[in-house]
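From first to last, the protein sequence lines stand for chains A and B. Just so you know, we're using our numbering here: the first sequence kicks off at 1 and counts up by one. Just so you know, we're using our numbering here: the second sequence kicks off at 1001 and counts up by one. Where a beta carbon is used, it is the ideal one built from N, C-alpha and C, also for glycine. Quick caveat: nothing in here was measured; it's all calculated off a predicted structure. Notes to accompany the following structure.
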Amino acid sequence: MRIQKELRAVVLTEILFPLVLMSFGVFHGVVQVLHRCGLIRDDDFMGIGYFQGLTAHGVINAIVLTTFFAVAFGNVVVSQTLDQNVSVGAAWAALILMTVGTLTAALPIFLGRASVLYTFYPPFRAHPAFYVGVVLVVVGSWVGFWAWIPGYLRWRKAHPERKTPLAAVGMFSTFIVWQLCTLPAAYEILVQLLPWSLGWTPGVNVVLARMLFWFFGHPLVYFWLLPTYTMYYTILPKLAGGKLYSDFYGRFVFMIFIVLSSPIGLHHQFMEPAISSSYKALHAVLTLLIAVPSLATAFTLAASLEHGARRNGGRGLFAWWGKLPHFDEERWLFPYLFMGLVIFIFGGLTGLINASYSMNAVVHNTAWLPAHFHLTVAGPVFLGILGASLLIVLGLLGKKCAAPKAALAVPYLWTLGVFTFSSGLFYSGLHGAPRRTNLGLSYLDPASPLYRPDWLTAERVGAVGGCIMGLAVVVYFYVLIRSLMGPSDPRLQDSFALPESEAYHDEDVPAVRNFLPWVVAGVLAVVIAYGPPIVQVVKAGYEGSPAFTPDSPAAIER
Amino acid sequence: MALLRGVPNIEKKVFLAALLFAGAQLALIGYAAWKLGVSVPTCVTNVKPFASGALITVGPGRYEAHVVAKMWQFEPDTITVPKGSIVDFYVTSADVAHGFYIDRTNVNLMALPFVVNYAQARFTEPGKYPVLCHEYCGVGHNGMAATVEVTP
Chain A
1 MRIQKELRAV VLTEILFPLV LMSFGVFHGV VQVLHRCGLI RDDDFMGIGY
51 FQGLTAHGVI NAIVLTTFFA VAFGNVVVSQ TLDQNVSVGA AWAALILMTV
101 GTLTAALPIF LGRASVLYTF YPPFRAHPAF YVGVVLVVVG SWVGFWAWIP
151 GYLRWRKAHP ERKTPLAAVG MFSTFIVWQL CTLPAAYEIL VQLLPWSLGW
201 TPGVNVVLAR MLFWFFGHPL VYFWLLPTYT MYYTILPKLA GGKLYSDFYG
251 RFVFMIFIVL SSPIGLHHQF MEPAISSSYK ALHAVLTLLI AVPSLATAFT
301 LAASLEHGAR RNGGRGLFAW WGKLPHFDEE RWLFPYLFMG LVIFIFGGLT
351 GLINASYSMN AVVHNTAWLP AHFHLTVAGP VFLGILGASL LIVLGLLGKK
401 CAAPKAALAV PYLWTLGVFT FSSGLFYSGL HGAPRRTNLG LSYLDPASPL
451 YRPDWLTAER VGAVGGCIMG LAVVVYFYVL IRSLMGPSDP RLQDSFALPE
501 SEAYHDEDVP AVRNFLPWVV AGVLAVVIAY GPPIVQVVKA GYEGSPAFTP
551 DSPAAIER
Chain B
1001 MALLRGVPNI EKKVFLAALL FAGAQLALIG YAAWKLGVSV PTCVTNVKPF
1051 ASGALITVGP GRYEAHVVAK MWQFEPDTIT VPKGSIVDFY VTSADVAHGF
1101 YIDRTNVNLM ALPFVVNYAQ ARFTEPGKYP VLCHEYCGVG HNGMAATVEV
1151 TP
């Protein structure tokens, strides 16, 4: 099956536009580590404030890039696997909404009127355009998802005997999670923050807003992750030369995420007041159940890789690892996915530590946290986005990768960088270094009474890692631009399709045939896990907070 | 189990192993929380939100610290107690969200306006314990700090 021709321009824009923005997002990642390790001892660098840049870093890399890519990748997957059934008009509408939203939110960020970080915690108030922009991006992504639904229903009707292709199950699960979890965020922004930022309402219930944010904020990380999971289950086994070990587990994992993504967000709020510890404990239990899909994935992917390696002639208990296409120029995509998995082992394990209820007191809001989540969102997620973006852009334009050796180097360089970065920040975090702090102005300035020399080496190690990550992205753009300048072959363009793995165990298990029971279970889980704490917060009737901007301790006059 | 018809045996075993793994970790967390008493903050009802900071002596070696976090300082900014003291920290915010983290202890709290957060610490070693704000609270966030001084 091929990709709809009418979708080419949509998908190319959805990938290339955020990649251009990402170059700035990554640039400010590098600037941040230089601030943090004390090499830059200033409020700003090249006219961009530390927190302004941090806001752009988070919004561009974690919201814009990930959302655009999920829609683009879903367009390709759904079109390819479900008989070219994407509604083209809706796909265009989605792209326009997301682009207008991004520009609307970017403007106040670059003017310094929305330095509220990507979590935009009230009572900090951003310029109203920031909230409007975020809403447009999210609504655009909804429309992008809706563009697949009529075609999916037609396909199901036409093929009642067939299982929905696994890649389509993956992308539909991604967006079912997204559709459910963006509703509380929509309430927070549209009902609480936007009217308040316009001065129409006097105060905002901060405790409620934070709870709604994390109701959205944790499933958000699965929204980032699930497109990469889709690649792991449907592309990686084929690249490795084998088959997906268990089709059932692929389906099960995607569907269990529909249930478990949302009712666990309080694990981000273990250290907060005004939330009963019993609800926190409930969320801790549900969070740890994520170990089930995670270990199922670890098992299935390891078995699939081993199957491929043994087909390639691999032998022994572990020696088969050497028979995977780690350095195959024809299959340069392989290490983007494989190294993402390697990084994710450590991202997952450190995530278990964060989620472990009272143990969270050791790490909450320290540099440990960015060290952890860069091993997830800047590990498997980012490498998956880089690899698949290159594959899809070149495929849809009928071009070849012009620098396969450099393309192969990117994931290894990135892995070296992100491991170095995280090692430094894990260490400084365990010794009390805070996240989201311009350390060069105080704790890592020898002239400051707050100077903490015990953090210096670790933060410098982190900075070296951050620079290596920046270098990997430079190499990536070199590969992309050089390939884009190469000749275009219409035959390659017409024959382009994502690799599709066959399954080794391909049973048709009734429990994972339909989304509906899993969606119902997900809604029920959310009602049980979030109903009582939200009722408690609303009933408590906390006084509304006036608005503040980051540069003044005085509340904004209305 | 008609719904699970066709699931291969090895997949079932992996599922059970994963559940056991999660169960074992939950048991350890439960042990730490309820047997060792290392807990997380919960709703505070005995202390109402307060506007100014104070260190209150409630008994020999027992103190109550009422800490107000505000852009960009803690009130009080020095808390002095003798070695061996047990201190109940009640923390609130006068404006935006702040953090309250005491180095070398398990005190790690979020401070929010109009609500009170709580943690307890016992200081067995004399010395200076840096306290810092670990939530972004504006341009002065980088230097928002205080000290707990434990005298011998």
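TODO: May I ask you to list the residues that DSSP assigns as paired with T1147/B?
DONE: As a position in the second sequence, residue 1147/B is number 147, starting the count at 1. Paired residues: T1078/B, P1130/B.
- [ ] Please name the residues in the segment 510–535 of chain A whose beta-carbon is closer than 7 Å to at least one beta-carbon of chain B, in chain order.
- [x] Against chain B - using a Cβ distance shorter than 7 Å - the residues of the segment 510–535 of chain A are P510, A511.
Task: H574/A: contacting residues in chain B (beta-carbon distance under 8 Å) - done: Shown here, chain A extends from 1 to 558; a query on residue 574/A therefore has no answer.
- [ ] May I ask you to verify whether the segment 1042–1054 of chain B touches the segment 1101–1117 of chain B, counting CB pairs closer than 8 Å and requiring at least 3?
- [x] Pairwise C-beta distances place the segment 1042–1054 of chain B in contact with the segment 1101–1117 of chain B, as three or more of them are shorter than 8 Å.
- [ ] Decide if P325/A is buried, meaning its Cβ has at least 16 other Cβ atoms within 10 Å, or exposed.
- [x] Here residue 325/A refers to the residue found at position 325 when the first sequence is read from its first residue. If you draw a 10 Å sphere on the C-beta of P325/A, you find 16 or more other C-beta atoms in it, and that means buried.
Open item on the list: Closer than 7 Å between beta carbons: that is the criterion. Which residues of the segment 1103–1125 of chain B meet it against chain A?
Closed with: Residues D1103, N1106, N1108, L1109, M1110, L1112, P1113, F1114, V1115, V1116, N1117.
Open item on the list: If you measure between the beta carbons of T350/A and G432/A, is that distance less than 9 Å?
Closed with: Position 350 of the first sequence, counted from the start, is the residue given in the question as residue 350/A. Position 432 of the first sequence, counted from the start, is the residue given in the question as residue 432/A. The answer is no: Cβ separation not under 9 Å.
Open item on the list: At the 9 Å Cβ level, is G49/A part of the contact set with chain B, yes or no?
Closed with: Translated into positions along the first sequence, residue 49/A becomes position 49. For G49/A, the answer is yes, since a Cβ of chain B falls inside 9 Å of its Cβ.
Open item on the list: Give me the DSSP bridge partner(s) of Y1101/B.
Closed with: Translated into positions along the second sequence, residue 1101/B becomes position 101. Bridge partners of Y1101/B according to DSSP: N1108/B, L1132/B.
- [ ] Please report how far the alpha carbon of V143/A lies from the alpha carbon of A94/A, in whole angstroms.
- [x] Against the first sequence, residue 143/A aligns to sequence position 143. Against the first sequence, residue 94/A aligns to sequence position 94. Cα to Cα, V143/A sits roughly 5 Å from A94/A.
Task: 7 Å CB neighbourhood of E1135/B in its chain, flanking five on each side removed - done: Along the second sequence, read from residue 1 onward, the residue named residue 1135/B stands at position 135. The beta carbon of E1135/B sits closer than 7 Å to those of A1097, H1098, G1099, M1110, all from its chain and outside the five residues before and after it, given in chain order.
Open item on the list: Any C-beta of chain B within less than 8 Å: which residues of the segment 171–198 of chain A qualify?
Closed with: Taking 8 Å as the Cβ-Cβ cut-off against chain B, none of the residues of the segment 171–198 of chain A qualify.
Task: Cross-chain neighbours of G1059/B in chain A, by beta carbon under 7 Å - done: For the purposes of this step, residue 1059/B is identified with residue 59 of the second sequence, where counting begins at 1. Result: empty, since nearest Cβ-Cβ is about 25 Å, beyond 7 Å.
Open item on the list: Within 10 Å of its beta-carbon, does G151/A have 16 or more other beta-carbons around it, so buried, or fewer, so exposed?
Closed with: One-based indexing of the first sequence puts residue 151/A at position 151. Classification for G151/A: buried.
Task: Interface residues of chain A facing S1039/B [CB-CB closer than 7 Å] - done: Your numbering for residue 1039/B matches position 39 in the second sequence. Under the 7 Å cutoff, chain A gives S277, S358.
Task: Helix, strand or coil at K399/A according to DSSP, with G and I counted as helix - done: The residue labelled residue 399/A in the question sits at position 399 within the first sequence. Here K399/A sits in coil by DSSP.
TODO: Compute the Euclidean distance between the alpha carbons of Y232/A and M255/A, then round it to the nearest angstrom.
DONE: Within the first sequence, the letter at position 232 stands for residue 232/A. Within the first sequence, the letter at position 255 stands for residue 255/A. About 16 Å.
Open item on the list: Taking the straight line between their C-alpha atoms, what separation do you get for P1008/B and K243/A?
Closed with: Your numbering for residue 1008/B matches position 8 in the second sequence. Your numbering for residue 243/A matches position 243 in the first sequence. One C-alpha to the other measures close to 16 Å.
Task: Interface partners of G242/A on chain B, CB under 8 Å - done: Here residue 242/A refers to the residue found at position 242 when the first sequence is read from its first residue. Per Cβ cutoff of 8 Å: no residues; G242/A is ~16 Å from chain B at best.
Task: Range covered by the beta strand (DSSP E) that runs through R1062/B - done: The residue labelled residue 1062/B in the question sits at position 62 within the second sequence. It spans 1062–1070 - the beta strand (DSSP E) in which R1062/B sits, taken as one unbroken run.
Open item on the list: Within a Cβ cutoff of 6 Å, which residues of the same chain sit near F69/A, ignoring the five residues on either side of it in sequence?
Closed with: By one-based count along the first sequence, residue 69/A stands at place 69. Once the five neighbours on either side are set aside, the close Cβ partners of F69/A are I385.
TODO: Please decide whether G1099/B counts as near chain A, where near means a Cβ-Cβ distance under 9 Å.
DONE: Taking the second sequence and counting its residues from 1, the one referred to as residue 1099/B is at position 99. Yes, because at least one Cβ of chain A sits closer than 9 Å to the Cβ of G1099/B.
Open item on the list: Contact criterion: CB-CB distance below 9 Å. Does A291/A meet it with respect to chain B?
Closed with: Within the first sequence, the letter at position 291 stands for residue 291/A. Nearest CB-CB separation between A291/A and chain B: below the 9 Å threshold.
- [ ] Report buried or exposed for I290/A, applying the criterion of at least 16 other Cβ atoms within 10 angstroms of its Cβ.
- [x] Residue 290/A sits at position 290 when you count from the first residue of the first sequence. Classification of I290/A: buried, given that the 10 Å Cβ count is 16 or more.
Open item on the list: Restricting to Cα atoms, I'd like to know which of V86/A, S261/A, L198/A is closest to V523/A.
Closed with: Counted from its first residue, the first sequence places residue 523/A at position 523. Ranking V86/A, S261/A, L198/A by Cα distance to V523/A puts S261/A first.
Task: Outcome for L1003/B when other beta-carbon atoms lying within 10 angstroms are tallied against a minimum of 16 - done: Counting from 1 along the second sequence, the entry for residue 1003/B is found at position 3. By the neighbour-count rule (16 or more Cβ atoms within 10 Å), L1003/B is not buried but exposed.
Task: From A168/A, H159/A, H127/A, D328/A, residue whose alpha carbon lies closest to that of F145/A - done: Looking up residue 145/A in the first sequence gives position 145. Relative to the Cα of F145/A, the nearest Cα in the group A168/A, H159/A, H127/A, D328/A belongs to A168/A.
Open item on the list: My output table needs one value for P510/A: the three-state DSSP class, helix, strand or coil.
Closed with: The residue labelled residue 510/A in the question sits at position 510 within the first sequence. P510/A: helix per DSSP, three-state reduction.
- [ ] Could you name the residues of chain A that K1066/B contacts, counting a contact when the two beta carbons are closer than 7 Å?
- [x] Along the second sequence, one-based indexing puts residue 1066/B at 66. At residue 1066/B the sequence reads His, which differs from the Lys that was named. Those do not exist, as H1066/B stays about 14 Å from chain A at its closest Cβ, beyond 7 Å.
Open item on the list: I'd like to know whether the C-beta of P1130/B is nearer than 9 Å to at least one C-beta of chain A.
Closed with: For this step, residue 1130/B is matched to residue 130 along the second sequence. Yes, its Cβ sits closer than 9 Å to a Cβ of chain A.
Task: Identity of the residue in P122/A, F334/A, V362/A nearest L212/A by Cα - done: In the first sequence, the residue the question calls residue 212/A occupies position 212. Measuring from the Cα of L212/A, the nearest candidate turns out to be P122/A.
- [ ] Closer than 8 Å by C-beta to P219/A: which residues in its own chain qualify, once you throw out the five before and the five after it? Chain order, please.
- [x] For this step, residue 219/A is matched to residue 219 along the first sequence. V177, W178, L180, C181, S261, S262, G265, listed in sequence order.
TODO: Kindly say whether T1092/B, judged by its beta-carbon, lies nearer than 9 Å to any beta-carbon of chain A.
DONE: The count along the second sequence starts at 1 and reaches residue 1092/B at position 92. Yes, because at least one Cβ of chain A sits closer than 9 Å to the Cβ of T1092/B.
Open item on the list: Just to confirm the assignment, what range does the beta strand (DSSP E) spanning I1086/B have?
Closed with: Here residue 1086/B refers to the residue found at position 86 of the second sequence. Bounds of the beta strand (DSSP E) holding I1086/B are 1086–1093.
- [ ] Show which residues of chain B have a CB atom less than 8 Å away from the CB atom of K163/A.
- [x] Taking the first sequence and counting its residues from 1, one reaches residue 163/A at position 163. Residues of chain B passing the Cβ test: none, with the nearest at roughly 11 Å.
- [ ] Determine whether the Cβ of I438/A lies closer than 9 Å to any Cβ atom of chain B.
- [x] The residue labelled residue 438/A in the question sits at position 438 within the first sequence. Looking at the sequence itself, residue 438/A is Asn, so the reference to Ile does not match. Yes, contact with chain B.
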